[in-house]
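Below: one structure, written as structure tokens.
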Amino acid sequence: MADEHRTELAAAVAASPLIAMLTEPDSPAVPVVTEELGKAGIRAVEITLTSPNALDAVRRSVATGATLVGAGTVRDRETARHAVDAGAHYLLTPGVLPDVLDEAGTLGVPVVCGAFTTTEVMEAWRLGAALVKLFPARLGGPAYLASLTMAFGDIPIVPTGGITADDLIDYFAAGAHAAALGRPLVGDALRGGNPADVRHRAADLLAQVHAARV
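So this is what it looks like as structure tokens:
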């Protein structure tokens, strides 16, 4: 993975340090929710590839031009290629997958690589991850993240998995480069709720994070 791909994604996420996870790719509201998130200042979303139609959701969301769109749960080279063909700006993996990182390097797209242990964090970074996703973060909580960020100050770590609006600030106090979360940002918008509510929820959480970081 070229260094510029790593640094560009890391910088974009640092400027707006919340990644929105859209885990219901079959919802027809995905592109609209993506637009609302972009209007709120969210600069990266993840659409999980958990259904046969997920790549279409990626394609339609990319077409909005609202924000960077990542394809999540990428586990093999073929899926990586299909995601990039659909327009994904970056990929996300559930764990350290050398084949995916290698393919992403060939395709010229950055990877947010899943990891949990210290060894996995170091290996993900060595293999070229732009960001290391601490998953599932809830198992160790902010205290575990603080231990990792103390040991690896040069590695941008993004906790995800079970983060709530109530403990979000604690993760940033522990050194999170950014945080990825779903329902606290999108609410019920993918299940028939009002997509317009997403903009207010996301803007409010972003404001809290920016205030805490200052």
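Numbered according to the working numbering, the sequence shown spans residues 1326 to 1539.
Quick reminder that beta carbons are idealized off the backbone N, C-alpha and C, glycines included.
Query                                                                                                                                                                 : Result
May I ask you to report which of helix, strand or coil DSSP gives THR1404?                                                                                            : helix
According to DSSP, is ILE1372 helix, strand or coil?                                                                                                                  : strand
Alpha helix (DSSP H) containing VAL1357: first to last residue?                                                                                                       : 1355 to 1365
By Cβ distance below 6 Å, which residues in the same chain neighbour ASP1492 in space, the five residues on each side in sequence not counted?                        : none
My understanding is that PRO1423 touches ARG1400, with C-beta atoms under 8 Å, so please give their C-beta distance in whole angstroms.                               : PRO1423 to ARG1400, Cβ: 12 Å. No contact.
Go ahead and label HIS1525 buried or exposed: buried means 16 or more other beta carbons lie within 10 angstroms of its beta carbon, across all protein chains shown. : exposed
PRO1342 by DSSP, collapsed to three states: which one?                                                                                                                : coil
Mind reading off the beta-carbon distance from THR1348 to THR1375? Whole number of angstroms is fine, and I expect it under 8 Å.                                      : 7 Å
Could you round the C-beta distance between VAL1358 and VAL1534 to whole angstroms and report it? I think they count as a contact, below 8 Å.                         : The Cβ separation is near 20 Å, so there is no contact.
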